[in-house]
Every structure is written in structure tokens, then in C-alpha cells.
Amino acid sequence: MSDKSYAISKDIFKKYKNIYRLDKWTILLIITLLISVITNFINFYTNRHFISIYIISLLLSIISFIFIYIKSKSYKNKISHYKVDEEMSIIFIAHNIKTEKQLLILKEEIENELNKISESFSLHKKRIGRLFFYIFWIPTGFLFAYYFNISNEVLKFDTLIEIITGMFTIFSQLFFLYTIIFSFANPLIDILASDRNKYRKTLDYIYDYLYYINK
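For the sequence shown, the positions run 2 to 216 when my numbering is used.
Right, here's the structure in full:
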């Protein structure tokens, strides 16, 4: 990609970068979900099995999950519907981009760069998916097996209910966490991918400016 394309994208992103920032409530919700997961692991593997802790942690997880989903949708709508204003022409003129041909060349460069970033991003997501599998699912399975192998006590009905509740809560929370990372939270992940956002917003400018100079 040329230096000019990079400079234009940088100037555009400076103007609109605030829409990609996570607010404090989203960060708090993510932290709450992580704390509730850790709390349940501790509650389960210390052999305490307080059902009240399981229930509170599960409720916190569900509430965090729902609000993160809502936040994710709002970020997606805000990013996709954010319109450029009349100042767009100033940025292009400042970089001596005035004709349709120049815009089409710039568009091709930006699209090529976006394709490279998307390929790299997809590869990283696959790696993170495998890492999630090795860090959470496999160790969790081994921990459960180890826990039951070292337990010599005869399980009473109440204890069995507590263990089942704990297992259900932990797996539910892991499912929530996995879904947030790899499904509807992609807009939240996009917020962290500043280069991709920068070039996407540049393409929005280019399409609007092409319409502006041809109308």
C-alpha cells in the first residue's frame, strides 16, 4: 500500500476513532463474567459446593451475557450506520485526491490491504479457538476426572445435587464465554482491530466521495 493511502486512512480514522472505543460498562460486564467463572471454579474444586454461590455466579453470568450481547449489537449498529459528513472532501483534497480515477486507485489499494488483514485476522481467530480449547476444555475435563478419582466419600443426595449444580454452572459459563468471544461479540473484537476499522472507514469515505463528485 502506498504512503498516500496510509496517510489518508490515518487522517480519516483520527476523526472517527472514538466510535470504536469500549465504554466502561462493557469492560465492567466482561470483568464481571470472568470473575464469576473463576469464583465457580474455586467453589467447585475446594470441595465447598455452596449452591448459593453457584446461583449468584450463574445469574451474574447470564446478566453479563445478555448485556454484552446488547452492547455488541449497539456497537455494530453504530459502526455500520455512522455516516461521513461534508468535511470528507477536505481530507481528500488535502492529499491531492480530486478525480474519480485517483479514488478508484485508492479504493483498490485499500481493498487489497483489507483482504490481507482479514486473512490474517481469520488465522488468528482459529489459533485463539484452539488455544481456548486447550486452556479451558481439556484442563476442565482433567480436573473433573482428578476430582472424582481422589474423592473417596460416599456421595449423599444433597452433595450430588451440589456437584451437578456446580458442573452445570461452570459449563454454562464457559459456553457463555466461548459464545461471546467467537460469535456475536465480533463487533467487540473489531473494536480492537484498529487497522481493519481504519481501512473500512476509509472505504466508506471513498464510496461517499465517489457519489459526491459524480452527482
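Think of the CB as a built atom: it goes at the ideal place given N, C-alpha and C, for glycine as much as any other residue. Just so we're clear, the structure is a prediction, and the values are computed from it rather than from any experiment.
So for Thr27, helix, strand or coil by DSSP? Residue mapping note: residue 27 aligns to position 26 of the sequence shown, counting from 1. If DSSP states are grouped into helix, strand and coil, Thr27 belongs with the helices.
I want to know whether the region 97 to 105 touches the region 168 to 176 - three or more CB-CB distances under 8 Å. Flag = no, the region 97 to 105 and the region 168 to 176 do not touch.
Just the Cα atoms here: how many angstroms apart are Ile9 and Phe93? Here residue 9 is taken as the residue at index 8 of the sequence shown, counted from 1. Here residue 93 is taken as the residue at index 92 of the sequence shown, counted from 1. Note on geometry: alpha-carbon atoms of Ile9 and Phe93 lie some 7 Å from one another.
Below 8 Å on the Cβ atoms is my contact criterion, and I expect Ser6 with Glu110 to pass it. Report the Cβ-Cβ distance as a whole number of Å. Position 5 of the sequence shown, counted from the start, is the residue given in the question as residue 6. Position 109 of the sequence shown, counted from the start, is the residue given in the question as residue 110. Right, the Cβ-Cβ distance comes to about 5 Å (below 8 Å), so this counts as a contact.
Thr40 and Ser58: beta carbons closer than 8 Å? Here residue 40 refers to the residue found at position 39 of the sequence shown. Here residue 58 refers to the residue found at position 57 of the sequence shown. Contact: yes.
Between the C-alpha atoms of Thr33 and Ile63, what's the straight-line distance to the nearest angstrom? Reading the sequence shown from its first residue, position 32 is the one you call residue 33. Reading the sequence shown from its first residue, position 62 is the one you call residue 63. Near 11 Å, if we compare the C-alpha coordinates of Ile63 and Thr33.
Phe14 vs Lys202 beta-carbon contact at 8 Å: To locate residue 14, count along the sequence shown from 1; it is residue 13. To locate residue 202, count along the sequence shown from 1; it is residue 201. At a Cβ-Cβ threshold of 8 Å, Phe14 and Lys202 count as neighbours.
Can you round the beta-carbon distance between Asp196 and Ile106 to whole angstroms, since I take them to be within the 8 Å contact cut? Position 195 of the sequence shown, counted from the first residue, corresponds to residue 196. Position 105 of the sequence shown, counted from the first residue, corresponds to residue 106. Actually they are not in contact, since the Cβ atoms of Asp196 and Ile106 sit about 20 Å apart, beyond 8 Å.
Cα-Cα separation, Tyr206 to Lys108: For the purposes of this step, residue 206 is taken as the residue at position 205 of the sequence shown. For the purposes of this step, residue 108 is taken as the residue at position 107 of the sequence shown. Straight-line Cα distance between these residues: approximately 10 Å.
Just to confirm my understanding: we take Lys199, look at its own chain, exclude 5 residues before and 5 after, and list those with CB closer than 6 Å. What are they? For the purposes of this step, residue 199 is taken as the residue at position 198 of the sequence shown. The beta carbon of Lys199 lies closer than 6 Å to those of Ser10 and Phe14 in the same chain, with the five residues before and after it left out.
Whole angstroms are fine: how far does the CA of Leu35 sit from the CA of Ile52? Residue 52 sits at position 51 when you count from the first residue of the sequence shown. Residue 35 sits at position 34 when you count from the first residue of the sequence shown. Inter-residue distance for Ile52 and Leu35 is about 19 Å (C-alpha atoms, whole angstroms).
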